[in-house]
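Participant: Structure provided below as structure tokens; questions to follow.
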Amino acid sequence: MSKQNESLAEHLGILKDRWDQALCNHDYQLAVVAAGVSRTYLFDDQSPVFRANPHLAQWLGSDACEGSALILETGREPRLLFYSPADYWHQPPDPPEELLGVLNIDVFDSIDAIQREVNVCTQHAGQVAYVGDPSSAQESLGEVNPPALINELHYLRAYKTEYELQCMRQASARAVSGHLAAASAFAGGASEFELQLAYLDASRQTEADLPYPNIIALNQHAGILHYQHYERAAPNPRHSFLIDAGARHRNYAADVTRTYGSDQAGAAQQTFNALVAAMDRQQQELVSKIRPGLSFLDLHEDMHHRLGAMLNAAGLIQCDGEQAFDAGITRAFLPHGLGHLLGLQTHDVGGHQVDPEGTTSEPPESYQALRLTREIEVDQVFTIEPGLYFIPQLLEELRASEAGQHVCWPEVEALQDFGGIRIEDNVAIRADGVENLTRDAFAQAPGAA
């Protein structure tokens, strides 16, 4: 057995143990994990790209399983009921080849046949849990997405297996290929649309493959946190380029952001470029501080202190960094959280959970956008993505507040056309330290210095 197959077998064994224990903990004898089915748009016969139930994708590593179901029964081997219809309109999926010797797989040519088999499996199984789309569940299949069971499964998703880490390394390498191509295209004067095409081509992805829609933002568009358009014409002048773009490998995501300043002349451009370099340094220093047992909230607040010092050093505020933090000034320049769990989903589940029972640690009112409040532990993977933005709405609110008197408004206004800065890496917490999946992928990319 190859090393990759060994890690896959180990991964599936861990999943089986997790599910067996979770089912036992909550008095279920069997779970039906349904992939789901695609839904058409309103008054249309077209549908969005199908994304499988992540609880099934964690086993299969693929979205090519629409209509399928996994039967998990305590004390028995998992059984995959795989849907592969006879179809000449679309190419039907094949069962996952790498799982043929690991899972019991039965192939069905109709969803009705799978439903009948599910009914047979559950008829005398005792207490049954259905994990999937509630609109597709039958009452006879048992409790739908029981919260106690889902809480435990979501909590455990934060702890990545070695196989999952291998997939995320592959996703990181793919994303970095796209980032390098996009950076080169920006230097050549490309538009947002052309930058998107360069990224997709180099990362060998279609838009349907992406874990989330790429953010390709030139100039002031970088100040829109989830900017969703791709302008066909390149702006003139070009000040900045923020690219938040990822990739997937076997459904596991990479989520990478970089920001570039242009070579335009002028004091504002020089200030912005210096801020990009400073943000990159601060981001790497934050990563170097990560340790198991550290609160992610503390790390998030550390970044706000650092941002206050950056604003002061750049001549954007008159007070010192600590005063800027205390007055809430930094929150106007950095309105999002420092990071989030990453895995099968870009914003992976369980970020606020502190135990398998579902107890949550909600973010404080001043940081409501923070998606991760858990204590940092070994085997977690999360993003570290500090930012600095010049968002007109937030700046106007700051200007109208008492704290606004500490801001050097002419200097800040000169940077509004630059939009903002974000630097984002994906880090894995290992027993012997922090593995930076993103920086490693950049260092290992062809042509890397």
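Here my numbering runs 8 ahead of the position in the sequence shown, where the first position is 1. Glycine included, every Cβ here is placed at the ideal spot set by N, Cα and C.
Using the Cβ count rule (16 or more neighbours within 10 Å means buried), how would you classify H162?
Facilitator: As a position in the sequence shown, residue 162 is number 154, starting the count at 1. Flag for H162 reads buried.
Participant: Suppose only complete runs of 4+ residues qualify. What are the alpha helix (DSSP H) ranges in the segment 176–211, listed by chain order?
Facilitator: Entirely contained in the segment 176–211, the alpha helix (DSSP H) runs reaching 4 residues are, in chain order, 200–211.
Participant: Rounded C-beta distance between L89 and S76? I'm assuming under 8 Å.
Facilitator: In the sequence shown, counting from the first residue as 1, residue 89 sits at position 81. In the sequence shown, counting from the first residue as 1, residue 76 sits at position 68. Right, the Cβ-Cβ distance comes to about 6 Å (below 8 Å), so this counts as a contact.
Participant: Given a cut-off of 8 Å, decide if L157 and Y4 are closer than it, judged by their beta-carbon atoms.
Facilitator: Here the chain has residues from 9 to 457 only, and residue 4 is not among them.
Participant: Can you find a C-beta in chain C that's less than 8 Å from the C-beta of A439?
Facilitator: Protein chain content of the structure displayed is limited to a single chain, and chain C is not contained in it.
Participant: E235: which of S15, N33 and G427 sits nearest, CA to CA?
Facilitator: For the purposes of this step, residue 235 is taken as residue 227 along the sequence shown, with counting starting at 1. Correcting the residue type first, residue 235 is Tyr in the shown sequence and not Glu. The residue with the shortest Cα to Cα distance from Y235 is G427.
Participant: Have a look at M478 and G441 and give me their C-alpha separation to the nearest angstrom.
Facilitator: Residue 478 lies beyond the residue range present for the chain, which begins at 9 and ends at 457; the question has no answer from this structure.
Participant: From S199 to Y96, what distance separates their C-alpha atoms?
Facilitator: Numbered from 1 along the sequence shown, position 191 holds the residue referred to as residue 199. Numbered from 1 along the sequence shown, position 88 holds the residue referred to as residue 96. In a straight line, the C-alpha of S199 is about 39 Å away from that of Y96.
Participant: Tell me Y397's beta-bridge partners as DSSP assigns them.
Facilitator: Numbered from 1 along the sequence shown, position 389 holds the residue referred to as residue 397. Paired residue(s): G428.
Participant: For V41, which residues in the same chain have their Cβ closer than 6 Å to its Cβ, ignoring the five residues on either side in sequence?
Facilitator: The sequence position of residue 41 within the sequence shown is 33, counting from 1. Cβ neighbours of V41 beyond the five flanking positions: H63, L64, L78 and V139.
Participant: Is S46 buried or exposed, if buried means 16 or more other CB atoms sit within 10 Å of its CB?
Facilitator: In the sequence shown, counting from the first residue as 1, residue 46 sits at position 38. S46 comes out exposed.
Participant: Thinking C-beta only, is A121 closer than 8 Å to E81?
Facilitator: Here residue 81 refers to the residue found at position 73 when the sequence shown is read from its first residue. Here residue 121 refers to the residue found at position 113 when the sequence shown is read from its first residue. No, these two residues do not count as a Cβ contact at 8 Å.
Participant: For R26, which residues of its own chain have a beta-carbon under 6 Å away from its beta-carbon, when the five flanking residues on both sides are left out?
Facilitator: Sequence index remark: in the sequence shown, residue 26 carries index 18 (1-based). The answer, listed in chain order, is L164.
Participant: Just tell me which of G44, G231, E330 and L203 has its CA closest to the CA of N222.
Facilitator: By one-based count along the sequence shown, residue 222 stands at place 214. Checking every option, the nearest Cα to that of N222 belongs to L203.
Participant: Between H355, H34 and H229, which has its C-alpha nearest A261's C-alpha?
Facilitator: Stepping through the sequence shown from its first residue, residue 261 is reached at position 253. The option with the nearest alpha carbon to A261 is H355.
Participant: With burial defined as no fewer than 16 other Cβ atoms inside 10 Å of the residue's Cβ, what is the status of H19: buried or exposed?
Facilitator: Against the sequence shown, residue 19 aligns to sequence position 11. Buried.
Participant: Considering only their Cβ atoms, is the gap separating Y268 from A322 smaller than 8 Å?
Facilitator: Numbered from 1 along the sequence shown, position 314 holds the residue referred to as residue 322. Numbered from 1 along the sequence shown, position 260 holds the residue referred to as residue 268. Not closer than 8 Å, so no.
Participant: Could you give the distance in angstroms between the alpha-carbon of K24 and the alpha-carbon of Q326?
Facilitator: Taking the sequence shown and counting its residues from 1, the one referred to as residue 24 is at position 16. Taking the sequence shown and counting its residues from 1, the one referred to as residue 326 is at position 318. Straight-line Cα distance between these residues: approximately 58 Å.
Participant: Measuring CA to CA, which of A439, E393 and A451 is closest to K168?
Facilitator: Mapped onto the sequence shown, residue 168 falls at position 160. It is A439.
Participant: Could you tell me which residues DSSP pairs with S303 in its beta bridges?
Facilitator: In the sequence shown, residue 303 corresponds to position 295, counting from 1. Paired residue(s): E383.
Participant: By how many angstroms is the C-alpha of R289 removed from the C-alpha of D328?
Facilitator: Here residue 328 refers to the residue found at position 320 of the sequence shown. Here residue 289 refers to the residue found at position 281 of the sequence shown. Going by the C-alpha atoms only, they are around 19 Å apart.
Participant: Compute the distance between the beta-carbons of S369 and H360, then report whether it is under 8 Å.
Facilitator: Reading the sequence shown from its first residue, position 361 is the one you call residue 369. Reading the sequence shown from its first residue, position 352 is the one you call residue 360. It is a contact, given that the beta carbons lie within the stated cut-off.
Participant: Between which residues of its own chain and C73 is the CB-CB distance below 6 Å, once the five residues before and five after are set aside?
Facilitator: Translated into positions along the sequence shown, residue 73 becomes position 65. Within the same chain, C73 has close Cβ partners A43 and A60.
Participant: Considering Cα atoms alone, identify which of E410, I431, L402 and Q413 is closest to Q424.
Facilitator: Against the sequence shown, residue 424 aligns to sequence position 416. The residue with the shortest Cα to Cα distance from Q424 is L402.
Participant: Could you give the distance in angstroms between the alpha-carbon of R339 and the alpha-carbon of G254?
Facilitator: The sequence position of residue 339 within the sequence shown is 331, counting from 1. The sequence position of residue 254 within the sequence shown is 246, counting from 1. Taking the straight line joining both Cα atoms gives about 26 Å.
Participant: DSSP beta-bridge partners for A39?
Facilitator: The residue labelled residue 39 in the question sits at position 31 within the sequence shown. A39 pairs with L80 and A137.
Participant: Counting only the same chain and skipping the five closest in sequence on each side, list residues whose C-beta sits under 6 Å from that of N259.
Facilitator: Taking the sequence shown and counting its residues from 1, the one referred to as residue 259 is at position 251. Cβ neighbours of N259 beyond the five flanking positions: A65, G69 and L352.
Participant: By DSSP, does H98 sit in helix, in strand, or in coil?
Facilitator: If you number the sequence shown from 1, residue 98 lands on position 90. Coil, per DSSP.
Participant: My guess is that D263 and L149 are in contact by the Cβ rule of under 8 Å, so how many angstroms apart are they, rounded?
Facilitator: Within the sequence shown, the letter at position 255 stands for residue 263. Within the sequence shown, the letter at position 141 stands for residue 149. Between L149 and D263 the Cβ distance is about 34 Å, and since that is not below 8 Å, they are no contact.
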